Amino acid sequence: MFGDLFEEDYSSVSNDHYGKGKKLKTKALEPPAPRGFTNLSGIRNQGGTCYLNSLLQTLHFTPEFREALFSLGPEELGSLEDKDKPDAKVRIIPLQLQRLFAQLLLLDREAASTADLTDSFGWTSDEEDFLDLTVAVRNVSGLEDALWNMYVEEEVFDSDNLYHCGTCDRLVKAAKSELDDLEYMYDLFSVIIHKGGCYGGHYHVYIKDVDHLGNWQFQEDKSNPDVNLEDLQNEEEIDDPLMILKAVLLQEESNLIPVDQLGQKLLKKIGVSWNKKYRKQYGPLRKFLQLHSQIFLLSSDESTVSLLKDCSLQAESDIRGNDQQLLKTLTSEPPGLNDRPFCPHWFDVNDSRVQPIKEKDIEQQFQGKESAYMLFYRKSQLQRPPEARANPRYRVPCHLLNEMDAANIELQIKRAECDSTNNNFELHLHLGPHYHFFNGALHPVVSQTESMWDLTFDKRKTLGDLRQSIFQLLEFWEGDMVLSVAKFVPAGLHVYQTLDGDHLTLCEIEIADGEDIFVWNGVEVGGIQIPAGSDCEPLLLNVLHPATSNEEEECQQLIDSPHVFPSNAEIGSVFTAFAIPDGVILVNNTESVGEESWTTIPKEDLRKTFREQGLRNGSSILIQDSNDGNSLLTKQGKWITSVNEIDWLQVKNLCQLDSEEEQVKISATLNTVVFDIRIKAIKELKLMKELAEDSCLRPIDRNGKLLCPVPDNYTLKEAELKMGSSLGLCPGKAPTSSQLFLFFAVGSDVQPGTEMEIIVEETISVRDCLKVMLEKSGLSGDAWHLRKMDWCYEAGEALCEEDAALKELMLCSGDTLLLIEGKLPPLGFLKVPIWWYQPRGPLHRWKSHQDQTDCTFSQGGVWRADSIQDAPSDAHAEVSLRYLGDIEISEDATLGELKSQAMTLPSFSEFSIPSPAFLRAWTVESKRPGRLLRAHYQQLREYKLGQRTEICLEPLQKEENLGPQHVLLRTQMRLPGKRAYALPVDLVWDTARGWTAGSLRHRVADFYSLPVEKTEIAKYLPEKFEWLPVPSWNQQITKRKKKKKQDNLQGAPYHLKDGDTIGIKNLLVEDDDDFSTVRDDIGREKQKEFALGKKKSQEAFRVRSGDVPSGAETPARPRGPEASLSIHVGSFR
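With the first letter of the sequence shown counted as 1, position 839 gets the number 838 in numbering that gives the first Met the number 0; the numbers rise by one all the way through.
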């Protein structure tokens, strides 16, 4: 009874109406479970409510009571919405009972709740009341006799015990006894069962489903739901195959039937095949018919069978006499389990659980600790209308139907959301073209935000589905696509394993939620081959090496340089990395450098890898010249180095005050406070005491740059200062804990030493910080914005949220901000420069109002390649872009709206364009059209344009609607006898059947009406002035099938994409392999001259600088220590 007392009732429909826009109160994690296979709903046990649940289910399955309850409307009961009104008359109990019955009938939920109903009762405890039944037990053998004598046995009312007749209003003789009238015949339809003892137990109920609302099908019967042996009354005759076959044949008009159909008729009539019921005892069906040749007549080929005439008459007589019931059963179609007219549907309803039960099994339930507690009967003569059969919506009021329908819709939505939550996970896609390989690991070219895309994906789908989804997402992708698992390590992003097996699900290949996936070609990134795998995982090590100095000092100063090494590299590679010919390497795996745990690595172990030596990220390495015997001393294999003996910091005087000393060494430990070091430095430098109140210490990096001031209350360990470091004593106070020390500069081209400094409160907004920086730099105006310098010293992402505090944007002391001219668009908007692009060709003949289309623009707003006048071969090399202006547009706007807004620019008025549909949009990359933007109604946000994207618009002669499988190519026909081409013509190629060379060749041949076998094509490479022929792949496949994988023009070496130029040669008039033009020869020659001149200038520079003496070769000098280098990688692909 108390088994479910402490379970959370997450399935209640408490005080809400689904048609009113209120939400179902469900469990936080999962919605309530749907109904089971019986399609019936149970009732959850609130704790001690099992008897109430059994009684409510009995009333619910009493159709007359249920429909009478549903017939009560607002006139009799009122409305639940008015229950809190003081003057309203609302009968809450029947209204809640109506809702409960509607939920049991229609709500797709495993169990309903009685919480609202019991609240309407006013119950405050879990006590249950019992009714007492008085019986006389003296001189009787048991309870059954007592009940018989008291309530069943005939009793005569006479003499002094006359019966008062209500009709005649007088006392008369009468007798009380059981009546045999059919009007008073009742059928049992519900039994409430009690299990347990006198002081506790549990109730459940056996209920007969009068209206067949549930699915009365047992789990073991699901595999064969048509089995129908229970309807046959005479089991002995069913077991006789001879009698059954006779009955089947007698139903045929000619008593003739094919043997195969006889088996099917048998299966249809009794629900079991011959092989399953009779083969083991009687053998195959044909053999059985042969053995009974006195009854059955088989044809010569044994394909048909019939009854012999004499046997037919005898069989019919026998069946009519003794087997009428069998014949009646066999001649009728066996109903299904849910449609048996004479087989009652009983269910065991046990709180939330509902299970079917057979009528004959009910008696067995009374042979133990269970007993019938209450019996319910229903008049035998009551008949249900046909429309009520298996119809749970019958007689349910409309407002409850609408409420339950809305509840079911919300349950479906919640279950779908739960399924999506449980099976979807986030993947972080890192795009190879947005990364470059630097310092042993992968780093984003621009920013982490633009280089990584988040993708929500169903983990039940396959790797092939994921690859296809990424292909569709990245329209700009060219060539093969390889997906690899990557992870962030201290050095950067590292690629581990490549994902294989497109037929495997993401669960099977153990992809985790939040996994980083690197999308690349599997070979290189930015022209550099990428090491992959756990063996070559990059390690970020702290390398201490001697500083180069022209003057020898008593204690050699060490420089701590972070450096990345592959974990499978030899330890001896440290010498090569730091240009040290030879020496000794010491390692310290502890976090604190100050501990005396430095040990040497024997020379024979220098060939071991970093991993074999046990080094990990953050480990420290000390490099010492082997010729220097003063700084390193050996003692029993342990090394006591000068590092451990360094207990000082060097402080330089940068206060612009005269002093006898320029720098001093201050003794300190890692726990020394910075304030003490500053005061000691002022004393030893013999400076004025006033500096104690207005000075600070600032670390000096190896390039001589002053870093952020160190707070006075920090210890050296907290300030992350190492022994032997150089500090500068500078005027001015250090920032407090609520302040930020920032560097800033004007423009994106920052030169060393040009940064300015500022101290601001961390709560200051971006807008106010910008004003302070403009004022300090002497600039004015509001057309400026701030960008944070990224890790490669370039302008990174803009600080778009002008009202946000610097602290909210995670800015820290020491960060560098750049003042960039130009006002930022509002949040969620893009500022897009618009260019006009008009290639030469027969389909590009739009005229401006001033006929300027054929003019050569020479202003700064035009990019145009020089060309030879009237040379038809120049068309493929000519690119002309004219700047029209900038537009600000929302990221939620469509591509069509961008075109419409661009047409409003003043410079656009020169062109006669009927509508935006006559414009084709491209991104601008390297001063050329890059990615084609298709889908007129697609939002700009979906293109992932970014803040620095520029768009060029190309006029069209007619509207076009390019699908995702279409590729736009510029085709040029080779002029016979000339090394030149005709003007380009746009060709749309449908790649739905694959990016094969054969498919492209057929499309080109069909477009130009040429024979396929006499058509040669080549892709033009404008950067190299070269043509790359596209061979006939069919010939290569025939010779060597392994090359079939290369039959994809998206991959190397073609990387075919929108806007590429395709040269076409007709072999009927010109049969050679040359696709080049005169301009190509000139372009290649200029490239060679440029490369040669560059090489000569570099050699001359080396000679002038003295690195390479002219006329003699000298051995290369050892390289000096590496210094930081800023590399502009924005144009890398």
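In this text, a Cβ means the ideal position worked out from N, Cα and C, and glycines have one as well.
Treat the numbers as computed from the prediction; the structure is a model and nothing was measured.
Practice task
Within its chain, find whatever has a CB closer than 8 Å to the CB of residue 113; leave out the 5 residues flanking it on each side and keep chain order.
Solution key: Contacts found: 42, 43, 45, 48, 51, 52, 55 and 99.
Problem - Cβ separation of residue 539 and residue 563, assumed to be a contact under 8 Å, to the nearest whole Å - result: 6 Å
Problem - Short Cβ contact (9 Å threshold) for residue 354 with residue 360 - result: no
Practice task
Sort out for me which residues DSSP pairs residue 461 with in a bridge.
Solution key: 504
Practice task
Keeping to the same chain, check which residues put their C-beta closer than 7 Å to that of residue 524; ignore five residues upstream and five downstream.
Solution key: 431, 434, 435, 436 and 441
Handout entry: Inter-residue CB distance, residue 817 and residue 786 (contact presumed, cutoff 8 Å)
Key = 5 Å
Practice task
Could you tell me which of 497, 739, 209 and 892 sits nearest to residue 812, measuring between CA atoms?
Solution key: 739
Problem - Cα-Cα separation between residue 429 and residue 531, rounded to whole angstroms - result: 15 Å
Practice task
Please confirm whether residue 673 and residue 614 have their CB atoms less than 9 Å apart.
Solution key: It is not a contact, given that the beta carbons lie outside the stated cut-off.
Problem - Local conformation of residue 243 per DSSP, three classes - result: helix
Exercise for the section: Below 8 Å on the Cβ atoms is my guess for residue 149 versus residue 134; work out the distance and round it to an integer in Å. Expected result: With a contact defined as Cβ atoms closer than 8 Å, residue 149 and residue 134 qualify at about 5 Å.
Practice task
Could you name each continuous beta strand (DSSP E) segment of 3 residues or more that falls completely within the stretch 746-788, going from the start of the chain to the end?
Solution key: Counting whole runs of 3 or more residues, the stretch 746-788 contains the beta strand (DSSP E) stretches 755-760 and 783-788.
Practice task
Between the Cα of residue 39 and those of 345, 939, 251 and 494, spot the shortest distance and give me the residue it belongs to.
Solution key: 345
Exercise for the section: Output the boundary residues of the alpha helix (DSSP H) element that contains residue 401. Expected result: 397-422
Exercise for the section: Using only alpha-carbon positions, find the residue among 733, 83 and 921 that is nearest to residue 1059. Expected result: 921
Exercise for the section: Use the C-beta contact count for residue 936: other C-beta atoms within 10 angstroms, 16 or more gives buried, fewer gives exposed. Expected result: exposed
Problem - DSSP state of residue 1071 mapped onto helix, strand, coil - result: coil
Handout entry: Distance between residue 745 and residue 1146 (C-alpha atoms, nearest Å)
Key = Given a span of 0 to 1132 for the chain in the structure shown, any question on residue 1146 remains unanswerable.
Handout entry: Cα-Cα separation, residue 503 to residue 465
Key = 11 Å
Exercise for the section: Decide yes or no for the touch test of the stretch 879-888 against the stretch 897-915: beta carbon pairs closer than 8 Å, at least 3 of them. Expected result: Yes, the stretch 879-888 is in contact with the stretch 897-915.
Practice task
Take residue 1008 and list the residues in its own chain whose beta-carbon comes closer than 8 Å to its own, dropping the five residues that flank it on each side.
Solution key: Correct list: empty, nothing qualifies.
Handout entry: residue 538, enclosing beta strand (DSSP E) - first and last residue
Key = 537-545
Handout entry: Terminal residues of the alpha helix (DSSP H) in which residue 1143 lies
Key = This structure leaves residue 1143 out entirely; the chain is present only between 0 and 1132.
Handout entry: Assumed close pair residue 912, residue 900 - CB separation to whole angstroms, cut-off 8 Å
Key = Distance from residue 912 to residue 900 at the Cβ level is roughly 13 Å; contact not present, criterion being Cβ atoms closer than 8 Å.
Problem - Opposing strand residues paired with residue 921 [DSSP bridges] - result: 931 and 951
Practice task
Tell me, please, whether the stretch 472-479 touches the stretch 1047-1056 by the rule of three or more beta-carbon pairs shorter than 8 Å.
Solution key: yes
Exercise for the section: Assign residue 870 to one of three DSSP states: helix, strand, or coil. Expected result: Reliability fails at residue 870, whose pLDDT of 36 lies under 50, so the model's placement of it is uncertain and the value that follows must be treated cautiously. If DSSP states are grouped into helix, strand and coil, residue 870 belongs with coil.
Exercise for the section: Decide if residue 948 is buried, meaning its Cβ has at least 16 other Cβ atoms within 10 Å, or exposed. Expected result: buried
Handout entry: residue 535 burial status per 10 Å Cβ neighbour count (16 or more: buried)
Key = So residue 535 ends up on the buried side.
Handout entry: Proximity to residue 403 [Cα-Cα], best of 959, 1099 and 105
Key = In terms of Cα proximity to residue 403, the closest of 959, 1099 and 105 is 105.
Exercise for the section: Could you say which of 925, 587, 902 and 963 lies nearest to residue 918 if we only look at CA atoms? Expected result: Nearest option by C-alpha distance: 902.
Practice task
Report yes or no: do the stretch 773-784 and the stretch 705-719 share at least 3 C-beta pairs separated by less than 8 Å?
Solution key: no
Exercise for the section: Would you check if there are 3 or more beta carbon pairs closer than 8 Å linking the stretch 647-656 to the stretch 711-731? Expected result: yes
Practice task
Count the CB pairs spanning the stretch 971-985 and the stretch 1059-1072 that are closer than 8 Å, and state whether there are at least three.
Solution key: yes
Exercise for the section: Output the distance between the C-alpha atoms of residue 32 and residue 108, rounded to the nearest integer angstrom. Expected result: 6 Å
Exercise for the section: State buried or exposed for residue 1089, treating a residue as buried only when at least 16 other CB atoms are found within 10 Å of its CB. Expected result: Of the residues assessed, residue 1089 falls on the exposed side of the cut-off, its CB having fewer than 16 other CB atoms within 10 angstroms.
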